[in-house]
Amino acid sequence: MKGKRSKTRVVSVGGVKIGGGNPIVVQSMTDTSPEDVKETLIEIRRLKNAGAELVRVAIPDKKSLEYFERITQNSPLPVIADIHFNPELAIEAMKRGAKKIRINPGNITNRNAVKRIINEARARDIPIRIGVNSGSLEKKFLKKYKHPTPEAMVESLADTVEFFEKHRFYDIVLSAKSTDPVINIEANRMLSKIFPYPIHIGLTEAGLLPEGAVWSAVALSPLLLEGIGDTIRISITGDPVREVDIAYEILSSLGLRRKRLRIIACPVCGRAEIDVEKLANEVKKRTESIKDKPLKIAVMGCVVNGPGEAKEADYGIAGGKGKGAIFKKGKIIKKSVKEEKLIDELLKIIKEDNG
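For the sequence shown, the tail end lands on 342 under my numbering, and the numbers increase by one without skipping.
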């Protein structure tokens, strides 16, 4: 059963609200060099078209900053600056249009420098994500716990949050990410019980597809069902647009976000008299242009049981030998359509109904 969303403070990132029961925000990160402004902006537009609401851009060095400013000026999405090691980059990124900063306590340890970041963020009304990763945990906590345990990650965050609160800065988003799904789940459960701040969730370095998608779903679904998580990123090795697609698939499967069409298809079995996989792939390809309509379309291999098994689908086709039926909400509306005309007829009906 879907859990009730936990109520946290609300943080606004360039007008996108995170926390406080707002819809879970989907974000990704560019994999282009920030020095290649044109390609970075092309990728950001692709991410936006896929449904991303925030985008993170790495600032690896001082040279990147002049290009970063051109990116923020032309980006269709609010841009988050990803900062590691050098606090000066965080301060300069805020001056050059970043709508949010991500810092890691494991590699920015000088508290005077952190105070300067806080002061700049306060002056510009920019939120900060304090992001702890199991692979870059502060040495003192790694020494204390021996391993990057959930307790070690949460204590690291608590230590930094205390410093932020001491300086009266509360525009915070928290994240505790691990490559281990179980550690990831436990750390975020602990965070949700201790802090009133919105939580960014993800399984760090999830890897290649399909494994990365599976491991991410395993790590994040229990949290989402418990109402934990206010913004999400799927960290796969590959095209970041796929991260957005996977995020929405996970959220949609749990009833938390419905932003896109879903294809339901039956598994292969001896009753099927058509190529269900081929038909389903063709339907998927030809419905990619249907945006922001949370329709369910079923592709079933059996006219006898297909419509009944997929009665929750908005539309569907069920194949027979050389022909098939088209159904809507479990009721057949066209009984005998030639196999080669099935998809054309289906799409025609969908278009007539939905414009």
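Every residue gets a Cβ at the ideal spot worked out from N, C-alpha and C, and that includes glycine.
Exposure label - residue 75; buried when at least 16 CB within 10 Å
Classification of residue 75: exposed, given that the 10 Å Cβ count is below 16.
Best match in 226, 145, 77 for proximity to residue 18 [C-alpha to C-alpha]
Of the candidates 226, 145, 77, 226 places its Cα closest to the Cα of residue 18.
Straight-line gap, residue 286 to residue 258 (C-alpha atoms, nearest Å)
Using only the alpha carbons, I get a separation of about 14 Å.
What is the rounded straight-line gap between the Cα of residue 119 and the Cα of residue 282?
Going from the Cα of residue 119 to the Cα of residue 282 covers about 38 Å.
Local Cβ density within 10 Å of residue 175, reported as buried at 16 or more and exposed below that
By the beta-carbon neighbour count (other beta carbons within 10 angstroms, threshold 16), residue 175 is buried.
Tell me whether residue 84 sits in a helix, a strand or coil according to DSSP, three-state version.
Three-state DSSP puts residue 84 in coil, outside helix and strand.
What's the C-alpha gap between residue 311 and residue 236?
For residue 311 and residue 236, the gap between their C-alpha atoms comes out near 28 Å.
Residue range of the beta strand (DSSP E) that residue 311 falls in?
Judged by DSSP secondary structure, residue 311 falls within the beta strand (DSSP E) whose first and last residues are 310 to 315.
Just the Cα atoms here: how many angstroms apart are residue 27 and residue 70?
Residue 27 and residue 70: Cα-Cα distance of roughly 17 Å.
Taking 6 Å as the cut-off, is the beta-carbon of residue 304 closer than that to any non-hydrogen atom of the ligand HEM?
Absence of the ligand HEM is noted for the structure shown, with no ligands found whatsoever.
With a floor of 3 residues, list each beta strand (DSSP E) that falls wholly inside the segment 194 to 252, ordered by position along the chain.
Qualifying beta strand (DSSP E) stretches, in chain order: 249 to 252.
For residue 309, the nearest candidate out of 335, 289, 173 (CA to CA):
Relative to the Cα of residue 309, the nearest Cα in the group 335, 289, 173 belongs to 289.
Alpha carbon to alpha carbon, how far is residue 8 from residue 109? Give it in angstroms, no decimals.
When rounded, the separation of the alpha-carbon atoms in residue 109 and residue 8 is 24 Å.
Between the Cα of residue 162 and those of 255, 91, 36, 103, spot the shortest distance and give me the residue it belongs to.
Of the listed residues, the one whose Cα sits closest to residue 162 is 91.
Can you check whether the CB of residue 83 is closer than 7 Å to the CB of residue 56?
Contact flag set, yes.
Simplified DSSP assignment, three categories, for residue 122:
It is helical.
When you compare only the Cα positions, how much space is there between residue 238 and residue 2?
Annotation: residue 238 to residue 2 spans about 22 Å, alpha carbon to alpha carbon.
Look at residue 222 and residue 191 and say whether their C-beta atoms are less than 7 Å apart.
For residue 222 and residue 191, yes; Cβs fall inside 7 Å.
I need the DSSP call for residue -4, collapsed to helix, strand or coil.
Reduced to three states, the DSSP call for residue -4 is coil.
Between which two residues does the alpha helix (DSSP H) carrying residue 293 extend?
Note, residue 293: alpha helix (DSSP H), 293 to 296.
Nearest-angstrom Cα separation, counted from residue 167 out to residue 46
Cα to Cα, the separation comes out at about 27 Å.
Nearest-angstrom beta carbon gap, residue 172 and residue 206 [assumed within contact, 8 Å]
Yes, residue 206 and residue 172 are in contact; Cβ-Cβ is about 6 Å, under 8 Å.
Let me check one thing: in DSSP terms, what residues is residue 284 bridge-paired to?
Partner residues in the beta bridge of residue 284, as assigned by DSSP, are 250, 302.
Would residue 192 pass as an interface residue toward chain C - the criterion being a Cβ-Cβ separation below 7 Å?
This model lacks chain C altogether; it includes just one protein chain.
Rounding to the nearest angstrom, what Cα-Cα distance links residue 51 and residue 22 in this structure?
Taking the straight line from one Cα to the other gives about 6 Å.
On the CB-based measure, 16 or more other CB atoms within 10 Å of its CB, does residue 242 come out buried or exposed?
In the assembly as shown, residue 242 is an exposed residue. Its beta-carbon has fewer than 16 other beta-carbons within 10 Å.
Please classify residue 333 as buried or exposed, where buried requires at least 16 other C-beta atoms within 10 Å of its C-beta.
Counting of Cβ neighbours within 10 angstroms places residue 333 among the buried residues, the total reaching 16 or more.
Bounding residues of the beta strand (DSSP E) (the contiguous stretch that carries residue 163):
From DSSP, the beta strand (DSSP E) with residue 163 extends over 159 to 164.
Whole-angstrom Cβ separation of residue 67 and residue 77, contact assumed at under 8 Å?
Contact flag wrong, Cβ pair sits at about 11 Å.
Contacts around residue 234, its chain only, beta-carbon distance under 6 Å, and the 5 residues preceding and following it disregarded
Cβ neighbours of residue 234 beyond the five flanking positions: 13, 219, 221.
Between which two residues does the alpha helix (DSSP H) carrying residue 277 extend?
Unbroken run through residue 277: none, as it is neither H nor E.
Using the three-state DSSP reduction, which class does residue 57 fall into: helix, strand or coil?
Shown here, residue 57 sits in a helix according to DSSP, grouped into three states.
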